[in-house]
Amino acid sequence: MQRGLRKKERRARKIIIYAFILITYHLLTSGDKGSHDPNLFGDDLCLLRQKEQRDAAKIIGTKEIHFLNRPDGYLAPDMDTRREVTHIIRQFTPDTLLTCDPTNLYPSDFSPLNHPDHRAAEQIVLDAVFPGSGNSHYFPNSSRQDSSSHPQRNVAQPNQPSQHPS
7 MQRGLRKKER
17 RARKIIIYAF
27 ILITYHLLTS
37 GDKGSHDPNL
47 FGDDLCLLRQ
57 KEQRDAAKII
67 GTKEIHFLNR
77 PDGYLAPDMD
87 TRREVTHIIR
97 QFTPDTLLTC
107 DPTNLYPSDF
117 SPLNHPDHRA
127 AEQIVLDAVF
137 PGSGNSHYFP
147 NSSRQDSSSH
157 PQRNVAQPNQ
167 PSQHPS
(Lines of atoms letter the chains of each structure in order from A and count residues from 1; the text may use other names and numbers.)
(Lines give C-alpha, C1' and ligand atoms only; values in the text may rest on other atoms or scores of the structure.)
Protein backbone atom coordinates (compact mmCIF):
# COMPACT_ATOMS: atom_id res chain seq x y z
CA MET A 1 0.00 0.00 0.00
CA GLN A 2 2.80 2.44 0.80
CA ARG A 3 4.36 1.75 -2.59
CA GLY A 4 1.04 2.61 -4.25
CA LEU A 5 0.81 5.76 -2.17
CA ARG A 6 4.23 6.88 -3.31
CA LYS A 7 3.20 6.26 -6.91
CA LYS A 8 0.07 8.39 -6.38
CA GLU A 9 2.17 11.12 -4.75
CA ARG A 10 4.54 11.16 -7.73
CA ARG A 11 1.61 11.31 -10.13
CA ALA A 12 0.02 14.20 -8.19
CA ARG A 13 3.33 16.05 -8.18
CA LYS A 14 3.71 15.61 -11.95
CA ILE A 15 0.20 16.91 -12.54
CA ILE A 16 0.88 19.96 -10.38
CA ILE A 17 4.24 20.67 -12.01
CA TYR A 18 2.93 20.22 -15.55
CA ALA A 19 -0.04 22.44 -14.80
CA PHE A 20 2.33 25.17 -13.52
CA ILE A 21 0.53 25.40 -10.23
CA LEU A 22 2.35 27.30 -7.50
CA ILE A 23 1.21 26.14 -4.09
CA THR A 24 1.96 28.04 -0.90
CA TYR A 25 1.10 26.53 2.50
CA HIS A 26 -0.01 28.76 5.35
CA LEU A 27 -0.58 26.92 8.60
CA LEU A 28 -2.18 28.70 11.53
CA THR A 29 -1.30 26.46 14.48
CA SER A 30 2.06 25.22 15.69
CA GLY A 31 1.34 21.53 16.16
CA ASP A 32 2.57 21.72 19.76
CA LYS A 33 -0.21 19.43 21.03
CA GLY A 34 -0.69 17.19 17.99
CA SER A 35 0.17 13.87 19.61
CA HIS A 36 -1.01 11.44 22.26
CA ASP A 37 2.59 10.36 22.93
CA PRO A 38 3.44 11.43 26.51
CA ASN A 39 7.13 11.69 25.55
CA LEU A 40 6.51 14.29 22.85
CA PHE A 41 5.45 17.79 23.81
CA GLY A 42 6.13 21.49 23.44
CA ASP A 43 8.89 22.71 21.16
CA ASP A 44 10.03 19.19 20.20
CA LEU A 45 6.56 18.28 19.02
CA CYS A 46 6.19 21.61 17.22
CA LEU A 47 9.48 21.03 15.36
CA LEU A 48 8.42 17.49 14.44
CA ARG A 49 5.04 18.68 13.09
CA GLN A 50 6.72 21.45 11.09
CA LYS A 51 9.18 18.94 9.60
CA GLU A 52 6.26 16.70 8.63
CA GLN A 53 4.53 19.65 6.93
CA ARG A 54 7.71 20.57 5.05
CA ASP A 55 8.16 16.96 3.94
CA ALA A 56 4.54 16.80 2.76
CA ALA A 57 4.97 20.09 0.91
CA LYS A 58 8.05 18.76 -0.91
CA ILE A 59 6.09 15.76 -2.19
CA ILE A 60 3.85 18.00 -4.26
CA GLY A 61 6.52 20.52 -5.15
CA THR A 62 5.53 23.32 -2.80
CA LYS A 63 8.33 25.85 -2.45
CA GLU A 64 6.93 28.07 0.30
CA ILE A 65 5.46 27.13 3.64
CA HIS A 66 4.58 29.62 6.38
CA PHE A 67 3.73 28.94 10.01
CA LEU A 68 1.70 31.44 12.02
CA ASN A 69 2.43 29.34 15.14
CA ARG A 70 -0.74 29.90 17.12
CA PRO A 71 -0.88 27.38 20.01
CA ASP A 72 -2.84 24.20 19.30
CA GLY A 73 -6.26 23.97 20.89
CA TYR A 74 -6.83 27.70 21.31
CA LEU A 75 -7.38 28.97 17.77
CA ALA A 76 -10.42 31.23 17.51
CA PRO A 77 -11.86 33.32 14.68
CA ASP A 78 -10.81 36.59 16.31
CA MET A 79 -10.06 39.91 14.61
CA ASP A 80 -6.27 39.72 15.01
CA THR A 81 -6.02 36.36 13.27
CA ARG A 82 -8.54 37.37 10.60
CA ARG A 83 -6.52 40.54 9.96
CA GLU A 84 -3.31 38.52 9.60
CA VAL A 85 -4.91 36.05 7.17
CA THR A 86 -6.49 38.92 5.19
CA HIS A 87 -3.04 40.48 4.75
CA ILE A 88 -1.62 37.10 3.67
CA ILE A 89 -4.31 36.77 0.99
CA ARG A 90 -3.59 40.29 -0.24
CA GLN A 91 0.15 39.64 -0.25
CA PHE A 92 0.04 36.32 -2.13
CA THR A 93 -3.04 37.08 -4.32
CA PRO A 94 -3.97 33.44 -4.91
CA ASP A 95 -6.01 32.40 -7.92
CA THR A 96 -7.60 29.64 -5.88
CA LEU A 97 -7.68 29.35 -2.12
CA LEU A 98 -8.14 25.94 -0.51
CA THR A 99 -9.86 25.62 2.83
CA CYS A 100 -12.57 23.43 4.28
CA ASP A 101 -16.15 23.87 5.42
CA PRO A 102 -16.28 25.11 9.04
CA THR A 103 -19.83 23.79 9.45
CA ASN A 104 -18.72 20.20 8.84
CA LEU A 105 -18.68 18.66 12.31
CA TYR A 106 -18.25 15.07 11.13
CA PRO A 107 -15.56 15.07 8.42
CA SER A 108 -15.01 11.32 7.99
CA ASP A 109 -15.15 7.91 9.54
CA PHE A 110 -11.48 8.40 10.46
CA SER A 111 -12.26 11.26 12.84
CA PRO A 112 -15.56 11.34 14.73
CA LEU A 113 -15.47 15.13 15.10
CA ASN A 114 -13.85 17.97 13.21
CA HIS A 115 -11.19 19.47 15.52
CA PRO A 116 -12.13 22.91 16.93
CA ASP A 117 -8.87 24.40 15.56
CA HIS A 118 -9.76 23.14 12.09
CA ARG A 119 -13.24 24.66 12.24
CA ALA A 120 -11.80 27.94 13.55
CA ALA A 121 -9.14 28.03 10.81
CA GLU A 122 -11.76 27.38 8.15
CA GLN A 123 -13.96 30.19 9.50
CA ILE A 124 -11.00 32.57 9.74
CA VAL A 125 -10.06 31.92 6.12
CA LEU A 126 -13.61 32.40 4.82
CA ASP A 127 -14.05 35.61 6.83
CA ALA A 128 -10.71 36.89 5.55
CA VAL A 129 -11.80 36.15 1.98
CA PHE A 130 -15.09 38.00 2.36
CA PRO A 131 -15.30 40.76 3.08
CA GLY A 132 -11.67 41.16 4.23
CA SER A 133 -9.35 40.61 1.28
CA GLY A 134 -11.60 42.15 -1.36
CA ASN A 135 -12.21 45.47 0.35
CA SER A 136 -9.24 47.65 1.30
CA HIS A 137 -11.36 49.44 3.91
CA TYR A 138 -11.19 46.28 6.00
CA PHE A 139 -7.89 46.06 7.87
CA PRO A 140 -6.07 48.87 6.09
CA ASN A 141 -2.31 48.64 6.33
CA SER A 142 0.30 51.35 6.03
CA SER A 143 2.47 48.99 3.98
CA ARG A 144 2.32 49.87 0.29
CA GLN A 145 2.74 46.17 -0.50
CA ASP A 146 -0.56 45.44 1.23
CA SER A 147 -2.51 48.57 0.42
CA SER A 148 -4.75 47.12 -2.28
CA SER A 149 -7.56 44.66 -2.07
CA HIS A 150 -7.61 41.21 -3.64
CA PRO A 151 -11.13 40.01 -4.41
CA GLN A 152 -10.87 36.24 -4.04
CA ARG A 153 -13.02 34.53 -6.64
CA ASN A 154 -12.13 30.85 -6.28
CA VAL A 155 -12.43 29.15 -2.92
CA ALA A 156 -12.22 25.36 -2.97
CA GLN A 157 -13.76 23.45 -0.08
CA PRO A 158 -13.12 19.73 -0.52
CA ASN A 159 -14.79 18.48 2.66
CA GLN A 160 -18.51 18.46 2.29
CA PRO A 161 -20.52 17.66 5.41
CA SER A 162 -21.24 13.98 5.92
CA GLN A 163 -23.72 12.22 8.13
CA HIS A 164 -22.87 11.60 11.76
CA PRO A 165 -21.54 8.04 12.14
CA SER A 166 -24.20 5.88 13.78
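Read in order, the letters of the sequence shown correspond to residues 7 to 172 in the numbering used here.
Ideal Cβ positions, reconstructed from N, Cα and C, are used throughout, including at glycine.
Keep in mind that this is a model prediction, so the values were computed, not measured.
* Leaving out five residues before and five after S154 in sequence, what residues of the same chain have Cβ atoms less than 8 Å from its Cβ? -> R96, S142
* Length of the line joining the Cα atoms of T68 and P164 -> 19 Å
* **Range covered by the beta strand (DSSP E) that runs through R76** => 70-76
* Asked: In its own chain, which residues sit with a C-beta less than 8 Å from the C-beta of Q129, not counting the 5 before and 5 after it?
  -> P83, P108
* Where does the unbroken beta strand (DSSP E) through V91 begin, and where does it stop? -> Per DSSP, V91 belongs to no beta strand (DSSP E); it is in the alpha helix (DSSP H), 85-98.
* Asked: Can you tell me where the beta strand (DSSP E) with L51 in it begins and where it stops?
  -> In the DSSP annotation of this structure, L51 is not part of any beta strand (DSSP E); the continuous alpha helix (DSSP H) holding it starts and ends at 48-65.
* Return the first residue and the last residue of the beta strand (DSSP E) that A162 is part of. => 160-162
* Would you decide whether G79 is buried or exposed? Buried here means 16 or more other CB atoms lie within 10 Å of its CB. => exposed
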